[in-house]
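Going down the list, the sequences are from chains X and G. Following our numbering, the numbering of the first sequence begins with 1 at its first residue and continues without gaps. Following our numbering, the numbering of the second sequence begins with 238 at its first residue and continues without gaps. See below for the structure under consideration.
2 protein chains.
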Amino acid sequence: MQNQIAAFLERVEQCESLVELNTVVAELRHIFQVDHVVYHSVNSQGDPYALATYGQDWAEYYECEELYRVDPVVLGAFQRFHPYNWKSLDWEKKPARRFFQEAQDGGVGNQGVSVPVRGPHGEFALFSISHTCSDEVWARFLDTHMPNLLLIGHYIHASIRALEFPEVDGNYIVLSPRETDALRLLGAGLNRGRAAERLKISEHTLRVYIESARSKLNASNTTHAVAKAMARGLISI
Amino acid sequence: MQNQIAAFLERVEQCESLVELNTVVAELRHIFQVDHVVYHSVNSQGDPYALATYGQDWAEYYECEELYRVDPVVLGAFQRFHPYNWKSLDWEKKPARRFFQEAQDGGVGNQGVSVPVRGPHGEFALFSISHTCSDEVWARFLDTHMPNLLLIGHYIHASIRALEFPEVDGNYIVLSPRETDALRLLGAGLNRGRAAERLKISEHTLRVYIESARSKLNASNTTHAVAKAMARGLISI
DNA sequence: ACCACACTCGCTATTTCCGGTGAGTTTACT
DNA sequence: AGTAAACTCACCGGAAATAGCGAGTGTGGT
Chain X
1 MQNQIAAFLE RVEQCESLVE LNTVVAELRH IFQVDHVVYH SVNSQGDPYA
51 LATYGQDWAE YYECEELYRV DPVVLGAFQR FHPYNWKSLD WEKKPARRFF
101 QEAQDGGVGN QGVSVPVRGP HGEFALFSIS HTCSDEVWAR FLDTHMPNLL
151 LIGHYIHASI RALEFPEVDG NYIVLSPRET DALRLLGAGL NRGRAAERLK
201 ISEHTLRVYI ESARSKLNAS NTTHAVAKAM ARGLISI
Chain G
238 MQNQIAAFLE RVEQCESLVE LNTVVAELRH IFQVDHVVYH SVNSQGDPYA
288 LATYGQDWAE YYECEELYRV DPVVLGAFQR FHPYNWKSLD WEKKPARRFF
338 QEAQDGGVGN QGVSVPVRGP HGEFALFSIS HTCSDEVWAR FLDTHMPNLL
388 LIGHYIHASI RALEFPEVDG NYIVLSPRET DALRLLGAGL NRGRAAERLK
438 ISEHTLRVYI ESARSKLNAS NTTHAVAKAM ARGLISI
């Protein structure tokens with residue numbers, strides 16, 4: 001089994017198109033003997049991408065009704081780090097119960113597990129597996145495969161990133177150390193006065209850095225500059 | 238070997254204190270037969286945490302001189318997702334070359350690999366392993382252990398989170414749709430007037446959203462709020 | 001039925017930021 | 001050895017954001 005998974009990861013890594021990736025990922029159903037496998041970006045914008053083995057009816061219904069706003073799996077993803085069993089989520093609320101029923105009818109299955117995947121540039125995606133079985137069988141499955149799921153989710157994400165951004169270094173922007181310092185402190189909530197104090201320079205000098213960073217980043221104001229710098233991975237707060 | 242690693246992951250998961258975790262992680266040196274193992278949070282705020290087997294001299298020097306500002310390993314981490322070989326970084330610039338030399342003298346080793354780890358709440362950490370050996374030997378090591386390193390980094394992070402925040406749901410932040418809209422537009426460079434126009438609401442109403450988002454995020458100003466929201470994956474520009 | 005919260009609107013004073021114009025020293029690449 | 005870029009400092013007027021006081025509606029959960 002572990003060999004099968006290692007081979008699968010390698011295949012994912014070597015995919016040369018999203019279509020190919022799609023078919024490779026769908027094969028996981030056979031490897032794990034489960035009903036469905038899903039990878040989709042949760043992020044509101046950027047690269048909306050979904051790759052699912054669900055029936056088209058359910059997928060379309062989910063999309064049209066914007067069920068991600070109600071789906072406990074998605075909502076729970078924001079606060080979790082490790083792969084989590086769907087059973088551990090809060091299904092008590094009325095909309096959640098309704099959603100669960102509809103998902104069942106849509107063929108999703110009564111058991112599921114999801115892996116949150118966070119990338120640079122704020123990408124956020126979910127890799128999930130769902131199945132129909134008893135709690136005991138499912139618990140055993142999770143016990144064996146939690147680490148594998150984490151790996152698979154990350155490898156799929158990495159592959160998609162590689163396919164979508166082949167030339168990462170094409171439009172590189174380099175901020176000087178002082179510019180970086182300035183944006184980092186501003187992003188951390190300091191105003192110009194305090195940031196200048198912290199860097200032991202005059203506020204005027206600090207302003208020069210902000211403005212040069214702003215012009216490099218083609219940003220219209222400080223907030224924009226900080227946001228762009230974060231999105232490009234030039235700073236982190 | 239894979240059994241050893243599975244056992245290690247389990248031990249990490251069951252650690253009941255940071256001290257214990259520290260010793261457990263240090264044992265990785267023996268499992269992998271490498272010089273050093275490091276886990277440290279890169280984030281400026283939140284929970285500055287470091288766990289390293291480096292000599293104290295180097296660690297203190299690094300800290301005092303703020304070498305993270307120059308360290309290509311840290312700078313490269315911001316835009317990477319997958320574990321990356323230190324050799325793949327840009328060591329051409331003068332400060333980088335100097336840093337490399339100093340790190341060598343500090344006993345870090347000439348080879349290394351790092352795993353970026355991103356959590357909810359905007360945590361960002363690096364798990365790294367360094368060693369002294371030839372490129373060929375190192376390449377073989379990476380070939381075998383890349384997936385393991387990813388797992389280990391994530392499990393350590395999860396363990397630290399569990400120890401530091403036993404009550405995960407205490408400090409979770411949810412922005413309302415309008416608050417999200419507001420921060421996204423501000424992060425995209427619009428000023429309040431234009432953002433309000435875009436959302437077809439009065440500027441005053443927009444201001445209310447900004448302030449409620451600011452208070453939820455515990456941010457001192459708009460820039461801070463946008464930065465925090467981005468770091469947490471609540472918005473993306 | 002009530003409470004909490006999301007959504008919508010307005011005014012004023014104070015603080016902070018933006019844009020434009022300067023100049024001088026040191027460091028680094030070619 | 002020359003050029004480019006980073007780093008440091010200063011002034012001023014106008015634009016924008018923050019802080020402080022408000023009020024009213026609609027929805028969802030206990």
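Glycine is no exception: its CB is placed at the ideal position from the N, C-alpha and C atoms.
{"Asked": "Where D184 of chain X falls, given that 16 or more other Cβ within 10 Å makes a residue buried", "Found": "In the sequence under discussion, the amino acid at residue 184 of chain X is Arg, which differs from the Asp named in the question. Buried, by the Cβ-count rule."}
{"Asked": "Under 7 Å by beta carbon: chain X residues contacting F337 of chain G", "Found": "Under the 7 Å cutoff, chain X gives no residues; its nearest Cβ is about 17 Å from F337 of chain G."}
{"Asked": "Chain X residues whose Cβ lies nearer than 9 Å to that of P309 of chain G", "Found": "The contacting residues do not exist; P309 of chain G stays about 13 Å from chain X at best."}
{"Asked": "Which of helix, strand or coil DSSP assigns to P83 of chain X", "Found": "coil"}
{"Asked": "Coarse secondary structure for L427 of chain G, derived from DSSP in three states", "Found": "coil"}
{"Asked": "Sub-8 Å separation of Y446 of chain G and V249 of chain G beta-carbons", "Found": "no"}
{"Asked": "C-alpha distance - L388 of chain G paired with Y286 of chain G, whole-angstrom precision", "Found": "19 Å"}
{"Asked": "Euclidean distance between Cα positions of T351 of chain G and L379 of chain G", "Found": "For the record, residue 351 of chain G in the displayed sequence is Ser; it is not Thr. Going by the C-alpha atoms only, they are around 11 Å apart."}
{"Asked": "Separation of A96 of chain X from A103 of chain X, as counted between CA atoms", "Found": "10 Å"}
{"Asked": "Validate contact between the segment 243–263 of chain G and the segment 210–224 of chain X using beta carbons, cut 8 Å, 3 pairs", "Found": "no"}
{"Asked": "DSSP state of L9 of chain X mapped onto helix, strand, coil", "Found": "helix"}
{"Asked": "Nonlocal neighbours in the same chain, by C-beta distance under 6 Å from S413 of chain G, ignoring five residues either side", "Found": "none"}
{"Asked": "G313 of chain G, DSSP secondary structure in three states", "Found": "helix"}
{"Asked": "Residues bridged to V274 of chain G [DSSP beta-bridge criterion]", "Found": "G:I366"}
{"Asked": "Helix, strand or coil at G470 of chain G according to DSSP, with G and I counted as helix", "Found": "coil"}
{"Asked": "Proximity of G349 of chain G and V310 of chain G at Cβ, strictly below 8 Å", "Found": "yes"}
{"Asked": "CB-CB length for V38 of chain X against Y54 of chain X, believed under 8 Å", "Found": "7 Å"}
{"Asked": "Contacts of A425 of chain G in chain X (Cβ-Cβ under 8 Å)", "Found": "H224 and A227"}
{"Asked": "Alpha carbon of N199 of chain G to alpha carbon of H204 of chain X, nearest angstrom", "Found": "Here chain G covers residues 238 to 474 and nothing more, so residue 199 of chain G does not appear."}
{"Asked": "Chain-ordered neighbours of Q104 of chain X on chain G, where CB pairs are closer than 8 Å", "Found": "What Q104 of chain X touches in chain G: nothing, since even the nearest Cβ is about 26 Å away."}
{"Asked": "Cutoff 6 Å; reference Y263 of chain G; Cβ partners in own chain excluding five residues on either side", "Found": "For the sequence presented, residue 263 of chain G should be read as Ala rather than Tyr. Result list for A263 of chain G: T290, in chain order."}
{"Asked": "Residue nearest to L436 of chain G in terms of C-alpha spacing, selected from G:R415, G:G343 and G:N259", "Found": "G:R415"}
{"Asked": "Residue nearest to Q4 of chain X in terms of C-alpha spacing, selected from X:N22, X:R98, X:L21 and X:I31", "Found": "X:I31"}
{"Asked": "Residue of X:Y68, X:N110 and X:L67 minimising C-alpha distance to S88 of chain X", "Found": "X:N110"}
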